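Okay, structure first, notes after.
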Amino acid sequence: MRANRSVQVISVVVAIVLLGGWVDAHDEGHSVLTLDTGGSSGAVSGVLKIPIIDIEPIVNLDANGDFTVSQPELEHKSELVRAVVIDSLEIERSSAPCKLLVEDMRSIQLESGPHVSVRFSAQCLASGKLGVSTTLFFGHSAYSVLLSARTAHGAFDSVLTPANRIWLEPDAPSWWSTLRRFVSNGMHHVLIGYDHIAFVLLLLLPSVLRPTREGWVRVGNVRQSMSYLARIVTLFTIAHSITLALATTGLVRLPARPIEVTIAVSIVAAGLVNLTTYSARMGAPLAFGFGLVHGFGFANVLVETGNQGLRLVPMLAGFNIGVEVAQLAIVFTALPVLVATCRLPAYSRILIPGLSIVLALCGAVWVVSRW
Amino acid sequence: MSKILLALVCACCLSRVQLASAHEFWLQPSNFRPAAGQEISVDVSVSDVFYPGIHALLTDEDIVKFVAHGPGGQTPVTAKVGNGPIGKSSVGKITLPTPGLYILEFIDLTRFSQLEALTFERYLEEKGLDNAIAVRKQQGESDKPGREAWSHFLKTIVVAGDPGREIRDHALGLKLEVICDSRLDARRRDDTLSFKILYQGAPLKGALVTASRRTAPKDKLSMRTDANGHVEFKLSPDEWMIDTVHMIAAPNDLRATAITGGGPQAARWRSFWASLTFELSPRQ
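Protein sequences appear in the order of chains H and G.
By the numbering used here, the letter at position 43 of the first sequence is numbered 43, and the numbering carries on one by one without gaps.
By the numbering used here, the letter at position 45 of the second sequence is numbered 1045, and the numbering carries on one by one without gaps.
Here is the structure:
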């Protein structure tokens, strides 16, 4: 009996250690690049907004150590910031490289913090399709550059990452092309985003059990578990859709911080609910709520691109679909393991409460740190 | 049940060690074993993992010291980025005139940054700065942004031609310094190398030291220094970076500097970043 208990304890510890790094939620970092070919004689104008926190390790901007970067401080290092932009950004038109000229740079404050806003022009061929390539990732493998381009052929949106750093203008604006780019971004967001994985696992844990007056008992067959999870995933999707509609029509705009805090609170709630048999009933509303607030979170990031209305739809939809796909991947990976292990008495007595407490604690840490 | 809860807490703590967020800084020569008389470039590289990095862009005023210690004494490393074609040149260039061992040393000006509470805590955890974590927790600052003054003390070992003697690192007297105590030549496969961490010339106990290799930079080896400031790693032939960070409460003069700088905030923490890069060649 003592040996069994030890095995259970060790199993739980190993499981949690393997989950590694969960106390930290994702903080990928992103810059925003907007391009406009509306100028005459082939001129392309652009604005690049870079968070100061990202450029600071490369260029020492805060000369007087007051933890802000003033306009004179930025101008003092303008040559180096210019070098960062010129070095990391290549624009071409009809496959011919454009010459970039930095015209102006400003220290600005955005919702997500202080930024350097660099306005530039690119001397290109008079017509043709644009191409953008960037290495502006500041040495971070999870960094991204959100791209919005307005050309004679329409308005385009994309996301550039170290793994996918080139954008070539399609024949015409294509929701499908934008959506595809953001699907992969959404998947990436989940797979490095511990709060998502934590939340999905919290919903998964009781899915192989059903509550009775005596406590948890194993669900009769896998189909019942699948049915429960399908309901959860559907509600999650509906919630995302509602958020998407609110964000794209501009009916609701929420600041980033309360949303991040709410996401963390939902993880605490899901963890605590799992300690009781109520989790069988609460999974659906929690999934709905989590889906809702998360959609808002990403909408706030996209607002920095300056896009509005319908143009946000394929970006938001792609991102949310990517989130769904990645979460389904987690579900299908974890479910067979849960089905196999739920036969053990320790599953309902130790694993569910143990993991739920740990994840709820992680959620609590996120709540405090995001407050 | 109490044992289980204890185990859960331990597991949670262990899981915190695996975070990765802070930047690494190191000196990256274009060639660790150039011929005597050959010019090499040396970047101050930045990335979230050792190699590949991007160049830090520095002006003369950002650099306190950038020199090579070689057989002929101390030589300045010149042609910083501000003097070369903007953005396209490496930070420094130097010709190593005679065969021998050269230790390149780089110190930059103190820099200031403020990180959100979560990011700052994550960085403290990753770098093993438990003292700062404990103080922040004790003083109720864990959920507050971290305001920090920081600077780098970087070294790299370059061997020009046939050095004619054993290849050994030695102390340069940096504020925080990584020193390799073992010979860097005539290695066997997977030999254990010993390193010493000195802070203000004295061994630094309990510092988290990390070894990263060029061919698998995410597979880091980590170890805390003993009472003599020593750590040991089994290293196979590759390019390696050994690095550590030490953090103290910001001294009063630094806080005053920040305040007179015009800002409403003062640095709360002062950190020192040290790294040593070198190449371990296969046994000849």
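Here a beta-carbon is modelled for each residue, glycine too, at the ideal position from N, C-alpha and C.
Bear in mind the structure is a predicted one, so any value in this text is a computation, not a measurement.
Asked                                                                                                                             : Found
Every unbroken beta strand (DSSP E) within the region 52–124 of chain H, with a cutoff of 3 residues, ordered by chain            : 89–93, 99–110, 113–123
Short-range partners of chain H found in the region 1043–1066 of chain G, where Cβ spacing is below 9 Å                           : S1045, V1046, S1047, D1048, V1049, P1052, G1053, I1054, H1055, A1056, L1057, L1058, T1059, E1061, D1062
Coil, strand or helix - I1242 of chain G by DSSP                                                                                  : strand
Nearest-angstrom beta carbon gap, M1241 of chain G and F1050 of chain G [assumed within contact, 8 Å]                             : 4 Å
Meets three-Cβ-pair contact criterion under 8 Å: the region 351–363 of chain H and the region 194–203 of chain H                  : yes
Range of the contiguous alpha helix (DSSP H) that encloses I1107 of chain G                                                       : Not the alpha helix (DSSP H): I1107 of chain G falls in the beta strand (DSSP E), residues 1100–1108.
Whole-angstrom distance between I53 of chain H and G154 of chain H, CA atom to CA atom                                            : 33 Å
Amino acids of chain G, ordered along the chain, whose beta-carbon sits closer than 7 Å to that of I50 of chain H                 : Here the premise fails: no neighbours, minimum Cβ distance about 13 Å.
Alpha-carbon to alpha-carbon, N1031 of chain G and V1044 of chain G                                                               : 14 Å
C-beta contact flag for K1175 of chain G and I1103 of chain G at 8 Å                                                              : no
Interfacial residues, the region 141–166 of chain H to chain G, with Cβ spacing under 7 Å                                         : S141
Residues from the region 1146–1163 of chain G in contact with chain H, defined by Cβ distance under 8 Å                           : R1147, A1149
Endpoints, beta strand (DSSP E) assigned at R1122 of chain G                                                                      : It is not in any beta strand (DSSP E) - R1122 of chain G instead sits in the alpha helix (DSSP H) that spans 1117–1126.
Validate contact between the region 1052–1065 of chain G and the region 67–84 of chain H using beta carbons, cut 8 Å, 3 pairs     : yes
Sub-8 Å separation of E56 of chain H and S1113 of chain G beta-carbons                                                            : yes
Length-filtered (4 minimum) alpha helix (DSSP H) runs lying within the region 165–200 of chain H                                  : 175–191
Candidates G:D1185, G:Q1200, G:T1095: closest to L1193 of chain G by CA position                                                  : G:D1185
Contact set between G139 of chain H and chain G, taken where Cβ atoms lie within less than 7 Å                                    : H1023, V1046, S1047, D1048, G1053, I1054
Candidates H:I350, H:S148, H:R218: closest to R311 of chain H by CA position                                                      : H:S148
Under 7 Å from the C-beta of Q1285 of chain G: neighbouring residues of chain H                                                   : Because residue 1285 of chain G is not part of the residues shown, which for chain G are 1001 to 1284, the question remains open.
Helix, strand or coil at I1167 of chain G according to DSSP, with G and I counted as helix                                        : coil
A284 of chain H vs R213 of chain H beta-carbon contact at 8 Å                                                                     : no
Short CB-CB distance (under 8 Å) between I58 of chain H and chain G                                                               : yes
A1216 of chain G at chain H interface by Cβ criterion, 8 Å                                                                        : no
Sequence-distant residues of the same chain with beta carbon closer than 7 Å to G1261 of chain G, five excluded per side          : Only weak support exists for where G1261 of chain G lies, its pLDDT of 47 falling under 50; the value from the coordinates is given anyway. Answer for G1261 of chain G: no residue qualifies.
Proximity test, Cβ basis, 8 Å: D62 of chain H and chain G                                                                         : yes
Within-8 Å CB hit, D1143 of chain G to chain H                                                                                    : yes
For A163 of chain H, the three-state DSSP class (helix, strand or coil)                                                           : coil
Validate contact between the region 1118–1128 of chain G and the region 1091–1101 of chain G using beta carbons, cut 8 Å, 3 pairs : no
H1170 of chain G classed as buried or exposed, judged by whether at least 16 other C-beta atoms fall within 10 angstroms          : exposed
Helix, strand or coil at L251 of chain H [DSSP, three-state]                                                                      : coil
Reference E1024 of chain G, options G:G1037, G:G1053, G:K1234, closest by Cα                                                      : G:G1053
Option nearest E1105 of chain G by Cα separation, candidates G:K1137, G:Q1074, G:E1126                                            : G:Q1074
Three CB pairs or more closer than 8 Å across the region 111–129 of chain H and the region 44–52 of chain H                       : yes
3-residue-minimum beta strand (DSSP E) runs that sit fully inside the region 1167–1228 of chain G, ordered along the chain        : 1176–1180, 1191–1199, 1208–1213, 1221–1224
Buried/exposed call for Y278 of chain H, threshold 16 Cβ in 10 Å                                                                  : exposed
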